[in-house]
Amino acid sequence: MELAQVRLLVSDFAACYRFYADVLGLKPQSGAVEGPYEKFSPAVGSAGIALQDRAMMAEVLGELADAANGHRSLVVLRVDALDAYCEKIVERGATLLQGPALMTDRMRVAHLKDPEGNLVELQEWLLLSG
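For the record, in the sequence shown the residue sitting at position 112 is 112 according to the UniProt record's numbering, with numbers rising by one throughout.
Here it is as structure tokens:
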């Protein structure tokens, strides 16, 4: 078994597309800015994040027609230089909710939300940085 992707169901596809591509700097697979689907990949690794238009999935699973509420996901991305990355994405329009700050003796994190309210955690693994 292989994890192919984590898919987020979103209502404002274009805003989320811009966030993951332009703010976080992930590479879109096809350039489908208006959706209904797009996969984003980081510069390294094989895992990806995909966006799926919520209304399209509601046609398959009717229960998804209800408005989403509460936090249903947490996207976690590992970065090498957390402070520099956070400075870059704030310049691109991100708003940090917390951090960068030490979470454990082995990891520093920062948190933000995408345009749909999905939580994003940025991690810097201290053991990898020496």
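For every residue, glycine included, the Cβ atom is placed at its ideal position computed from N, Cα and C.
These figures come from a predicted structure and were not determined experimentally.
Open item on the list: Rounded to the nearest angstrom, what separates A65 and A55 at their Cα positions?
Closed with: Locating residue 65 in the sequence shown gives position 65, counting from the first residue. Locating residue 55 in the sequence shown gives position 55, counting from the first residue. Rounded to whole angstroms, A65 and A55 show a C-alpha spacing of 7 angstroms.
Open item on the list: So, at 8 angstroms on beta carbons, what are the nonlocal neighbours of E121 in its own chain, with the 5 sequence-adjacent residues on each side left out?
Closed with: As a position in the sequence shown, residue 121 is number 121, starting the count at 1. If you ignore the 5 residues before and after E121, its C-beta comes within less than 8 angstroms of the C-beta of L74, V75, V76, L77, V109, A110, H111, all in its own chain and listed in chain order.
Task: Residue environment, E63, which counts as buried when at least 16 other CB atoms sit within 10 Å - done: Looking up residue 63 in the sequence shown gives position 63. Counting Cβ neighbours within 10 Å, E63 comes out exposed, since fewer than 16 surround it.
TODO: Per DSSP, which residues does D53 bridge with? Please list them.
DONE: Counting from one through the sequence shown, the residue named residue 53 turns up at place 53. Checking the DSSP bridge columns, you'll see D53 partnered with V10.
- [ ] Give me the Cα-Cα distance between R18 and R92, rounded to the nearest whole angstrom.
- [x] Here residue 18 refers to the residue found at position 18 when the sequence shown is read from its first residue. Here residue 92 refers to the residue found at position 92 when the sequence shown is read from its first residue. Going from the Cα of R18 to the Cα of R92 covers about 10 angstroms.
TODO: Using alpha carbons as the reference points, say which of A50, A58, M107 lies closest to A14.
DONE: Within the sequence shown, the letter at position 14 stands for residue 14. The shortest C-alpha separation from A14 is found at A50.
Task: D23 (DSSP reduced to helix, strand or coil) - done: Taking the sequence shown and counting its residues from 1, one reaches residue 23 at position 23. Note that residue 23 is Val in the sequence shown here, rather than Asp. Shown here, V23 sits in a helix according to DSSP, grouped into three states.
Task: Cross-strand partners of L102 (DSSP beta bridge) - done: Taking the first residue of the sequence shown as position 1, residue 102 is located at position 102. As a beta-bridge residue in DSSP terms, L102 pairs with R108.
Task: Test item: CB-CB of K113 and L97 under 8 angstroms - done: Taking the first residue of the sequence shown as 1, we reach residue 113 at position 113. Taking the first residue of the sequence shown as 1, we reach residue 97 at position 97. Taking 8 angstroms as the Cβ cut-off, K113 and L97 qualify as a contacting pair.
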